[in-house]
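Visitor:
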Amino acid sequence: KNEVEQSPQNLTAQEGEFITINCSYSVGISALHWLQQHPGGGIVSLFMLSSGKKKHGRLIATINIQEKHSSLHITASHPRDSAVYICAVLAYGNKLVFGAGTILRVKS
Amino acid sequence: NAGVMQNPRHLVRRRGQEARLRCSPMKGHSHVYWYRQLPEEGLKFMVYLQKENIIDESGMPKERFSAEFPKEGPSILRIQQVVRGDSAAYFCASAPVGAQETQYFGPGTRLLVL
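Okay, structure coming up:
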């Protein structure tokens, strides 16, 4: 079993829909990152969380430390949100352990 | 303040050649991490360095791979005698002292071994 599990693996949505991507982890962590990667592109850090909730524009990230679970929400989705979203936890000191990613496609 | 810089962005090597990947951290950052993304796979940790020290290299293949972060200049990930299986995207990230959890990623180097 992977230490970081994401669901769904693939997600197709219509423009304007509310999107949720989930991340569960099984190790002790000091922080959790949500990352965005466009095809052939670099990695952008969207959020770093150690507790509670953060919001940036149309993106919201939450974390429940007790349940070892985090969610990334996108409100009013847009085709430019199409990308791979990756959950990564900071564990074993300063190492990031990554989920497999969620491939999001938003259709207009 | 420029972000994390990596060069080259794309690198093509023939089997048996050496590949040198460079990472310049953000100004003031003294922690550097290297990650590898194999085709159709997720990102994996390779090595964590501070200036002139390797802190954790548990993710580095035991042979042919080495990394350094000298007092002056960029961090270098060196792959000797490359094989086709080394073809991947290599990302580095940097973090400031006292905030190692805040990692900023570079654009990556795409290595293709022919």
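So the protein sequences, as listed, match chains B and A.
The working numbering puts the first residue of the first sequence at 1, with every later residue one more than the last.
The working numbering puts the first residue of the second sequence at 109, with every later residue one more than the last.
C-beta atoms are modelled at their ideal positions from N, C-alpha and C, and glycine is treated no differently.
Since we're looking at a predicted model, the values are computed, not measured.
Of the residues that make up the stretch 206-219 of chain A, which ones have a beta carbon closer than 9 Å to any beta carbon in chain B?
Guide: Gln208, Glu209, Thr210, Gln211, Tyr212, Phe213, Gly214, Pro215, Gly216, Arg218
Visitor: Tell me which residue opens and which closes the beta strand (DSSP E) that B:Ser7 is part of.
Guide: Counting from 1 along the first sequence, the entry for residue 7 of chain B is found at position 7. Per DSSP, B:Ser7 belongs to the beta strand (DSSP E) from 4-7.
Visitor: Would you kindly report the start and end of the unbroken beta strand (DSSP E) that includes A:Phe173?
Guide: On the second sequence, position 65 is the one that residue 173 of chain A refers to. Its beta strand (DSSP E) spans residues 173-176.
Visitor: Classify A:Gly216 as helix, strand or coil using the three-state DSSP reduction.
Guide: On the second sequence, residue 216 of chain A is found 108 positions in, with the first residue counted as 1. Of the three classes helix, strand and coil, the one that applies to A:Gly216 here is coil, per DSSP.
Visitor: Going residue by residue through the stretch 141-204 of chain A, where are the continuous beta strand (DSSP E) segments of at least 3 residues, counting only ones entirely within it?
Guide: 151-158, 161-164, 173-176, 183-187, 196-204
Visitor: Would B:Thr20 and B:His73 be called neighbours here (beta carbons separated by less than 8 Å)?
Guide: Taking the first residue of the first sequence as position 1, residue 20 of chain B is located at position 20. Taking the first residue of the first sequence as position 1, residue 73 of chain B is located at position 73. For B:Thr20 and B:His73, yes; Cβs fall inside 8 Å.
Visitor: What do you get for A:Pro169, buried or exposed, if any count of 16 or more other CB atoms within 10 angstroms of its CB means buried?
Guide: Locating residue 169 of chain A in the second sequence gives position 61, where the first residue counts as 1. Classification for A:Pro169: exposed.
Visitor: If I follow the unbroken beta strand (DSSP E) through B:Gly57, where does it start and stop?
Guide: What you label residue 57 of chain B is simply residue 57 of the first sequence in a count that begins at 1. Note, B:Gly57: premise wrong, no beta strand (DSSP E); not H, not E.
Visitor: Please list the residues of the stretch 133-158 of chain A that have a C-beta atom closer than 9 Å to any C-beta atom in chain B, keeping them in chain order.
Guide: His139, Tyr141, Tyr143, Gln145, Glu149, Gly150, Leu151, Lys152, Phe153, Tyr156
Visitor: Which of the three DSSP states, helix, strand or coil, is assigned to A:Arg128?
Guide: In the second sequence, counting from the first residue as 1, residue 128 of chain A sits at position 20. Strand.
Visitor: Just the Cα atoms here: how many angstroms apart are A:Asn115 and A:Ser132?
Guide: Looking up residue 115 of chain A in the second sequence gives position 7. Looking up residue 132 of chain A in the second sequence gives position 24. In a straight line, the C-alpha of A:Asn115 is about 9 Å away from that of A:Ser132.
Visitor: Between which two residues does the beta strand (DSSP E) harbouring A:Leu222 extend?
Guide: For the purposes of this step, residue 222 of chain A is taken as residue 114 along the second sequence, with counting starting at 1. Element bounds for A:Leu222: n/a, residue is neither H nor E.
Visitor: For A:Thr217 versus A:Leu129, is the C-beta distance shorter than 8 Å?
Guide: In the second sequence, the residue the question calls residue 217 of chain A occupies position 109. In the second sequence, the residue the question calls residue 129 of chain A occupies position 21. For A:Thr217 and A:Leu129, yes; Cβs fall inside 8 Å.
Visitor: Between B:Gly99 and chain A, is the shortest Cβ-Cβ distance under 8 Å, so that the two count as touching?
Guide: Reading the first sequence from its first residue, position 99 is the one you call residue 99 of chain B. So yes, B:Gly99 belongs to the interface.
Visitor: Determine the contact status of A:Gln211 and A:Tyr156, defining contact as a CB-CB distance below 8 Å.
Guide: As a working note, residue 211 of chain A is residue 103 in the second sequence. As a working note, residue 156 of chain A is residue 48 in the second sequence. No, Cβ-Cβ distance for A:Gln211 and A:Tyr156 is not below 8 Å.
Visitor: Determine the direct distance from the alpha carbon of B:Ser7 to that of B:Ser50, and round the result to whole angstroms.
Guide: By one-based count along the first sequence, residue 50 of chain B stands at place 50. By one-based count along the first sequence, residue 7 of chain B stands at place 7. Roughly 20 Å separates the two Cα atoms.
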